[in-house]
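Asker: Sharing a structure, written as C-alpha cells. Questions coming.
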Amino acid sequence: MTVQVNITPNGRMSLPADIRKRLGLAGGGAVYLDETPDGLVLRTAAQAVARAQALAKQYTEGNPEASVAAFLAKRREDSGE
Numbered sequence: 143m144t145v146q147v148n149i150t151p152n153g154r155m156s157l158p159a160d161i162r163k164r165l166g167l168a169g170g171g172a173v174y175l176d177e178t179p180d181g182l183v184l185r186t187a188a189q190a191v192a193r194a195q196a197l198a199k200q201y202t203e204g205n206p207e208a209s210v211a212a213f214l215a216k217r218r219e220d221s222g223e
C-alpha cells in the first residue's frame with residue numbers, strides 16, 4: 143500500500159489514523175526510519191526488534207558458542223572465576 147504523507151515546513155509528518163491503529167501506535171509511540179538505496183523504510187519499535195533478531199539469527203543459528211550463556215561462561219573462564 144502506498145500512502146502520501148505530507149511533511150510540514152518544520153519537518154513534522156502525520157501518519158493516517160487507520161495505519162497508526164493497525165501498527166499499535168494509536169496512542170502515539172516511537173518509529174524508526176531507515177534510509178535504504180530504494181528509499182525510506184518506517185518501522186515500529188517491535189518491527190525493528192524483530193528485524194534485528196532475524197538478522198542475528200542468520201549468524202548465530204546452529205552455533206552454541208554464540209549464546210549469551212556461552213559468552214558469559216567464556217568470560218568467567220578467561221577471568222579465572
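When you read off a place in the sequence shown, starting at 1, and then add 142, the result is the number in our numbering. By construction, the Cβ of each residue, glycine as well, lies at the ideal position given by its N, Cα and C atoms. None of these values were measured; they are calculated from a predicted model.
1) State the beta-bridge partners of G181 as determined by DSSP.
2) For the alpha helix (DSSP H) containing E219, name the first residue and the last one.
3) Give a yes or no on whether the C-beta atoms belonging to L175 and L184 are separated by under 9 Å.
4) Identify every residue that forms a DSSP beta bridge with I149.
5) Grouping DSSP H, G and I as helix and E and B as strand, with all else coil, what is T186?
Answerer: Let's see:
1) One-based indexing of the sequence shown puts residue 181 at position 39. Paired residues: T178.
2) For the purposes of this step, residue 219 is taken as residue 77 along the sequence shown, with counting starting at 1. E219 -> alpha helix (DSSP H) spans 210-221.
3) Locating residue 175 in the sequence shown gives position 33, where the first residue counts as 1. Locating residue 184 in the sequence shown gives position 42, where the first residue counts as 1. In contact: L175 and L184 (Cβ atoms closer than 9 Å).
4) Locating residue 149 in the sequence shown gives position 7, where the first residue counts as 1. Per DSSP, M155.
5) One-based indexing of the sequence shown puts residue 186 at position 44. Strand.
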